[in-house]
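Here's the structure, in structure tokens; my notes come after.
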Amino acid sequence: MSDEFDIIVIGSGAGGGTLARTLAASGKRILLLERGDYLTKEADNWDPAEVFVDGRYISPDTWYDSDGTPFQPQIHYFVGGATKMYGGALYRLRPEDFGQLRHVDGVSPAWPLSYDEFEPWYTKAEWLYQVHGSHGEDPTEGECSRQYPWPAVSHAPRIQQISDALAQGGYHPFHAPCGILLNEADRPESWCIRCATCDGYPCMVHAKADAEVIAVRPIVGLPNVTLLRNAEVTRLETDPTGRTVTGVVVDRGGDGKEEIYRADIVVLAAGAANTAKILLRSASDAHPAGLANGSDQVGRNYMFHNSKAVSAFGEQDNDTVYQKTLAINDFYLPAIGREWPLGNIQMLGKSNAGAMKGEEPHLTKLVPHWSLDEAAHHAVDFWLTTEDLPKPDNRVTVDNDGNIHLDYTNTNESEAAGLYEEFRKILNHVGLAKHHVLHKNFYMSMNIPIAAVAHQAGTARFGSDPATSVLDVNCKAHEVDNLYVADTSFFPSIGAVNPALTAMANAIRVGEHIADRLGVSTAGDAAAAHGASAIAR
Ligand SMILES: Cc1cc2nc3c(=O)[nH]c(=O)nc-3n(C[C@H](O)[C@H](O)[C@H](O)COP(=O)(O)OP(=O)(O)OC[C@H]3O[C@@H](n4cnc5c(N)ncnc54)[C@H](O)[C@@H]3O)c2cc1C
6 MSDEFDIIVI GSGAGGGTLA RTLAASGKRI LLLERGDYLT KEADNWDPAE
56 VFVDGRYISP DTWYDSDGTP FQPQIHYFVG GATKMYGGAL YRLRPEDFGQ
106 LRHVDGVSPA WPLSYDEFEP WYTKAEWLYQ VHGSHGEDPT EGECSRQYPW
156 PAVSHAPRIQ QISDALAQGG YHPFHAPCGI LLNEADRPES WCIRCATCDG
206 YPCMVHAKAD AEVIAVRPIV GLPNVTLLRN AEVTRLETDP TGRTVTGVVV
256 DRGGDGKEEI YRADIVVLAA GAANTAKILL RSASDAHPAG LANGSDQVGR
306 NYMFHNSKAV SAFGEQDNDT VYQKTLAIND FYLPAIGREW PLGNIQMLGK
356 SNAGAMKGEE PHLTKLVPHW SLDEAAHHAV DFWLTTEDLP KPDNRVTVDN
406 DGNIHLDYTN TNESEAAGLY EEFRKILNHV GLAKHHVLHK NFYMSMNIPI
456 AAVAHQAGTA RFGSDPATSV LDVNCKAHEV DNLYVADTSF FPSIGAVNPA
506 LTAMANAIRV GEHIADRLGV STAGDAAAAH GASAIAR
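See the structure below:
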């Protein structure tokens, strides 16, 4: 195999996978380097005990918190990255998220692009990832140039009841955007049966619109695309001026034996923590504080959302299988009588006894009348998200042994508390607070600790000022001429909706920019021409 390519992409998740697929049609020689392997299709994919209790698909990495205490981050190294486990909730940020937004703990900074400028790539990403939804239902969303490719996934009867009750109460529930492959006719070998295991589990039938299925599988096998699995990038080398990346150093198999690959353009998309790690470990005489880190911003401004998972228990059974169809943004923005933005409320994947055992075993003991199975059958599950602010001291650093250290303190706690208060009112309104077994308000809930790095972002933000940002508006490093970053590291702020669609949209945008720079076209879908059967493998 040659070690010379036109473009090297590091990481095959939402950012890297999508960018590689965007550029595949250009004919340029692309090397996709992924530290993980394909996630094996096996019965355990859908086994809550394996997934939630034993953490079968979580990497064995050890990271350290600000006190130096080790912890195992909930991070997933596979072809497709974190999207192998994600819930496929593919939301756009609100237009206000692209501007400056005041929060109780500070200001969420403006992006160097407006929502309207970014919008065309949201549409492209929604069509690439085959999102089901209904633009126009959520009063907080921005203008959309095109409707979703597929209609919204219909609510199960219990969720429809809740949606109706919310609407009657003056709330504005909407159908959540879902990245699942429901179109049976197009996918005879593997299509979504709307099972309960979409959120937090890998999809055994490859019917979740994740980055492996949508972006990587379809391009692997094209003559101009090479995927190297189990290939961990350890650092980037530059020429003596530091302006050009000349080598991508790879450890294959963890035996310390290095291989070096070269390309005209290098795109880093290893996820926010690992992208920062690679840049920091690439320090040199030309970049003493880490590659592209003259601003001292690499690794800083780490965000991951102030989130809560909550299960509410009513007397009524909840027979829902696919539950992630409903959301409300009524508290997303400030309003009359509410000074601060509070965030988004959406449904989680349906809980089951096995997963509940793994999540919060002590809480389930508080429902003595029910077995875990009965409790799970009554549960209605929600996910509450409040924006987390980019703070310079919330940061990723790397020690001499290459270990990641994560310093992190929550922001906007009182906004998160405000959202929870509103949520409790909602539960009262839909009858979920009154009819639980303990005859007083009681909800199972868990706060997600620092190890929950699923929504990590912000460690190499883009901006127009090289003194305060790592990347320019095209996500090229200010200080390096051929280095781009295309994962969630580029976020200057994270908003209060799930980040993957924004990473995918941005990756398409950056991919098109790189194609323009190289004088090639991304038109035509080489992946589709290559054959959709690659998807089902
Ligand atoms: C359980 C779970 C549920 C989620 N649900 C949702 C959801 O419903 N909606 C949503 O929007 N978001 C969701 N997310 C978050 C979403 O998956 C991430 O925001 C998104 O995948 C981030 O994209 P990325 O490209 O930055 O990183 P990733 O998708 O993680 O990709 C990074 C890739 O880089 C690889 N890599 C890392 N280090 C190296 C290295 N040194 N060398 C080579 N390769 C490397 C990794 O293995 C990985 O494949 C969820 C995440 C999890 C874990």
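Just add 5 to wherever you are in the sequence shown, counting from 1, and you've got my numbering.
Here a beta-carbon is modelled for each residue, glycine too, at the ideal position from N, C-alpha and C.
Residues that SER312 bridges to, as DSSP identifies them:
Reading the sequence shown from its first residue, position 307 is the one you call residue 312. Paired residues: THR390.
Expressed to the nearest angstrom, what Euclidean distance is found between the alpha-carbon atoms of ALA332 and THR23?
For the purposes of this step, residue 332 is taken as the residue at position 327 of the sequence shown. For the purposes of this step, residue 23 is taken as the residue at position 18 of the sequence shown. One C-alpha to the other measures close to 26 Å.
| said: I need the DSSP call for SER526, collapsed to helix, strand or coil. | reply: Reading the sequence shown from its first residue, position 521 is the one you call residue 526. Coil, per DSSP.
Status (buried if at least 16 other CB within 10 Å, exposed otherwise) for ALA87:
Indexing the sequence shown from 1 puts residue 87 at position 82. Buried, since its Cβ has 16 or more Cβ neighbours within 10 Å.
(message) ligand 1 and ARG97: does the residue's C-beta get closer than 8 Å to at least one heavy atom of that ligand?
(response) The residue labelled residue 97 in the question sits at position 92 within the sequence shown. No.
Problem - Through-space distance from LYS213 to ILE224, alpha-carbon basis - result: Counted from its first residue, the sequence shown places residue 224 at position 219. Counted from its first residue, the sequence shown places residue 213 at position 208. Approximately 17 Å, taken between the alpha carbons.
### Query
How about GLN79 and GLY93: are their beta carbons less than 9 Å apart?
Here the question's residue 79 lines up with position 74 in the sequence shown. Here the question's residue 93 lines up with position 88 in the sequence shown. It is not a contact, given that the beta carbons lie outside the stated cut-off.
The alpha helix (DSSP H) that contains PHE467, what's its start and end? Indexing the sequence shown from 1 puts residue 467 at position 462. Element bounds for PHE467: n/a, residue is neither H nor E.
Any heavy atom of ligand 1 inside 8 Å of the beta-carbon of ILE15?
In the sequence shown, the residue the question calls residue 15 occupies position 10. Yes, Cβ of ILE15 sits closer than 8 Å to a heavy atom of ligand 1.
(request) Could you check which residue in GLU146, CYS149 and LEU186 has the C-alpha nearest to that of GLN135? (result) Position 130 of the sequence shown, counted from the start, is the residue given in the question as residue 135. The option with the nearest alpha carbon to GLN135 is LEU186.
| So is the beta-carbon of PHE318 under 8 Å away from any non-hydrogen atom of ligand 1? | Within the sequence shown, residue 318 is the residue found at index 313, counting from 1. Answer for PHE318: no, Cβ out of range of ligand 1.
_With a threshold of 8 Å on Cβ separation, who are the neighbours of GLY529 within its own chain once the five nearest residues in sequence on each side are excluded?_
By one-based count along the sequence shown, residue 529 stands at place 524. Within the same chain, GLY529 has close Cβ partners ALA30.
* **Contiguous beta strand (DSSP E) assignments of at least 3 residues, all confined to the segment 150 to 213** => 178 to 180
Open item on the list: Taking 8 Å as the cut-off, is the C-beta of VAL84 nearer than that to any heavy atom in ligand 1?
Closed with: The residue labelled residue 84 in the question sits at position 79 within the sequence shown. Yes; taking the cut-off as 8 Å, the Cβ of VAL84 has a heavy atom of ligand 1 nearer than that.
Through-space distance from ILE499 to GLY16, alpha-carbon basis: Stepping through the sequence shown from its first residue, residue 16 is reached at position 11. Stepping through the sequence shown from its first residue, residue 499 is reached at position 494. Looking at the two C-alpha atoms, the distance is approximately 21 Å.
| Taking the Cβ atom as the reference point for each residue, do VAL326 and MET352 lie within a distance shorter than 9 Å? | Walking along the sequence shown from the start, residue 326 turns up at place 321. Walking along the sequence shown from the start, residue 352 turns up at place 347. No, they are not a contact pair.
key: Nonlocal neighbours in the same chain, by C-beta distance under 7 Å from GLY258, ignoring five residues either side   = Taking the first residue of the sequence shown as 1, we reach residue 258 at position 253. The residues are ASN235.
- So is the beta-carbon of ARG40 under 8 Å away from any non-hydrogen atom of ligand 1? Here the question's residue 40 lines up with position 35 in the sequence shown. The answer is yes for ARG40.
Handout entry: Start-to-end residues for the alpha helix (DSSP H) that takes in ARG286
Key = Taking the first residue of the sequence shown as 1, we reach residue 286 at position 281. Its alpha helix (DSSP H) spans residues 277 to 286.
**Asked** By a C-beta neighbour count over all protein chains shown, 10 Å radius and 16 as the cutoff for buried, is HIS444 buried or exposed?
**Response** Walking along the sequence shown from the start, residue 444 turns up at place 439. In this predicted model, HIS444 has a pLDDT of only 27, less than 50, meaning its place in the structure is not dependable; the value taken from the coordinates is given anyway. The residue is exposed, with fewer than 16 neighbouring Cβ atoms inside 10 Å.
Let me check one thing: in DSSP terms, what residues is ARG343 bridge-paired to?
Locating residue 343 in the sequence shown gives position 338, counting from the first residue. Partner(s): ALA340.
Residue from HIS177, GLY175 and TRP196 with nearest C-alpha to GLY184:
The residue given as residue 184 occupies position 179 in the sequence shown. Looking at the Cα atoms, TRP196 is the closest of the given residues.
Exercise. Within the same chain, show all residues whose beta-carbon is closer than 7 Å to that of TYR303, passing over the 5 residues directly before and after it, in chain order.
Key: For the purposes of this step, residue 303 is taken as residue 298 along the sequence shown, with counting starting at 1. The sequence given here has Val at residue 303, not Tyr. Around VAL303: ALA281, LEU284, LEU285, GLY295, ALA297, THR464, ALA465 and VAL475.
State the Cα-Cα distance for the pair VAL515 and GLY21, rounded to the nearest angstrom. Taking the sequence shown and counting its residues from 1, the one referred to as residue 515 is at position 510. Taking the sequence shown and counting its residues from 1, the one referred to as residue 21 is at position 16. Whole-angstrom Cα-Cα distance: 10 Å.
Whole-Å CB distance - LEU241 paired with VAL271, under 8 Å assumed
Here the question's residue 241 lines up with position 236 in the sequence shown. Here the question's residue 271 lines up with position 266 in the sequence shown. Indeed, because the Cβ distance is near 7 Å, the residues count as touching under 8 Å.
Check your understanding: Is it a yes or a no for the segment 43 to 53 touching the segment 252 to 268, going by three-plus beta-carbon pairs under 8 Å?
Key -> no
*asked:* Please determine whether the Cβ atom of ASN349 lies at a distance below 8 Å from any heavy atom of ligand 1.
replied: Within the sequence shown, residue 349 is the residue found at index 344, counting from 1. No, ligand 1 has no heavy atom inside 8 Å of this Cβ.
| Extent of the continuous alpha helix (DSSP H) to which ASP110 belongs | In the sequence shown, counting from the first residue as 1, residue 110 sits at position 105. Run containing ASP110: none; DSSP gives neither H nor E here.
- Please check if any C-beta of chain B sits within less than 9 Å of the C-beta of MET509. Of the protein chains in this structure there is only one, and it is not chain B.
Leaving aside the five residues before and after VAL435 along the sequence, list all residues of the same chain whose C-beta is less than 6 Å from its C-beta, in chain order. The residue you call residue 435 lines up with position 430 of the sequence shown. Counting only Cβ-Cβ distances below 6 Å, and skipping sequence neighbours, we find ILE167 and ALA170.
Starting from ASN349, follow the beta strand (DSSP E) in both directions and report where the run begins and ends. As a working note, residue 349 is residue 344 in the sequence shown. Start and end: 349 to 352.
Next on the checklist: DSSP three-state label for TYR69, please.
Outcome noted: Taking the sequence shown and counting its residues from 1, one reaches residue 69 at position 64. Here TYR69 sits in strand by DSSP.
According to DSSP, simplified to helix, strand and coil, what is LEU411?
Locating residue 411 in the sequence shown gives position 406, where the first residue counts as 1. Three-state DSSP puts LEU411 in a strand.
Can you tell me which of THR67, PRO207, HIS140 and TRP116 puts its alpha carbon nearest to the alpha carbon of ASP52?
By 1-based counting over the sequence shown, the position of residue 52 is 47. It is PRO207 whose Cα lies nearest to the Cα of ASP52.
What does the alpha-carbon distance come out to for the pair GLY18 and THR527? Taking the first residue of the sequence shown as position 1, residue 18 is located at position 13. Taking the first residue of the sequence shown as position 1, residue 527 is located at position 522. Cα to Cα, the separation comes out at about 20 Å.
Exercise for review: Would you identify the three-state DSSP class for LYS481, choosing helix, strand or coil?
Suggested key: As a position in the sequence shown, residue 481 is number 476, starting the count at 1. In this structure, LYS481 counts as strand in the three-state DSSP scheme.
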